[in-house]
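Participant:
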Amino acid sequence: MNTKQAILRFLRRDAATINELAERLGMTRNAIIVPIRQLEAEATIYSRERRGSGAGKPPLEYHVQTGLEDINSQAYKPFMQSMIKSLPDHLSKETIKLIMHKVGSDLAEQVPVDEKASLADRLAAATDFLDDVGAETTTEYTDTGAVIRSYSCPLGGIVRQESCSCHAVERFFANVTGADVQEECARGESLICKFIVTDVHQR
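When you number the sequence shown by our numbering, it's gap-free, plus one each residue, and the end is 453.
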């Protein structure tokens with residue numbers, strides 16, 4: 251555990267000043283200041299004057315920002331894998347597909363695109379979003395649109411158990427691009443993501 255992690259672990263339990271952190275962690279004040287400044291710059295913690303601290307200028311005490319309880323969590327991947335794997339035991343294929351389409355639509359709303367943007371610009375915005383989460387996409391333009399491929403499926407662990415999550419990405423591309431999109435992913439020994447994008451305006 252590094253110093254920043256140790257500071258966060260302590261501050262989750264209670265607010266503290268730099269001197270209190272140094273004492274609790276067995277470090278010098280100077281050794282605490284640098285990681286504190288880094289955590290502030292990352293908007294992970296914030297400071298405010300301690301109330302009721304007596305005469306003189308009150309010291310600054312540090313708090314963890316609200317909503318960051320899971321900042322170091324490793325639970326999401328196994329949780330999602332287990333949840334997706336259990337869906338076919340309780341829901342029909344059509345219902346699962348509708349859920350995945352809703353997930354894809356919600357993700358698409360996180361990608362701002364101009365209404366007048368070209369298909370190429372929309373595809374770039376969509377693939378940039380996915381590349382940021384590990385997709386490593388390639389785009390091959392065709393006479394009717396484009397073919398999007400990825401040899402690094404960011405949902406690989408889930409897809410190997412239940413392929414329904416590919417429908418979410420299919421709907422994501424469709425909503426961002428405004429085009430018809432067909433998922434043709436290969437799910438053999440290696441996973442290869444493939445989405446056929448057809449520009450409806452060229453029909």
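Using N, Cα and C, we set each Cβ at its ideal position, and we do this for glycine too. Predicted, not measured: the structure shown is a model, and the values here were computed from it.
Mind pulling the beta strand (DSSP E) runs of 3 or more residues that sit fully within the segment 316 to 364?
Facilitator: none
Participant: On the DSSP letters alone, give me the boundaries of the alpha helix (DSSP H) that residue 255 sits inside.
Facilitator: 253 to 263
Participant: State the CB to CB distance for the pair residue 294 and residue 318, rounded to an integer number of angstroms; the pair is presumed to be in contact (CB under 8 Å).
Facilitator: 6 Å
Participant: Taking a contact to mean a Cβ-Cβ separation below 8 Å, would you say residue 418 touches residue 350 in this structure?
Facilitator: yes
Participant: Per the DSSP calculation, residue 298 is bridged to which residue(s)?
Facilitator: 311
Participant: Under 8 Å, with one C-beta from each stretch per pair, do the segment 387 to 404 and the segment 323 to 339 reach the 3-pair mark?
Facilitator: no
Participant: Within a Cβ cutoff of 8 Å, which residues of the same chain sit near residue 274, ignoring the five residues on either side of it in sequence?
Facilitator: Annotation for residue 274: 260 and 266 place their beta carbon closer than 8 Å to its own, counting only its chain and skipping 5 residues before and after.
Participant: For residue 427, which three-state DSSP category applies?
Facilitator: DSSP, reduced to helix, strand and coil, places residue 427 within a helical segment of the structure shown.
Participant: Do you know offhand how far residue 277's Cα is from residue 287's?
Facilitator: 16 Å
Participant: Does DSSP classify residue 287 as helix, strand or coil?
Facilitator: Note: residue 287 maps to helix in three-state DSSP.
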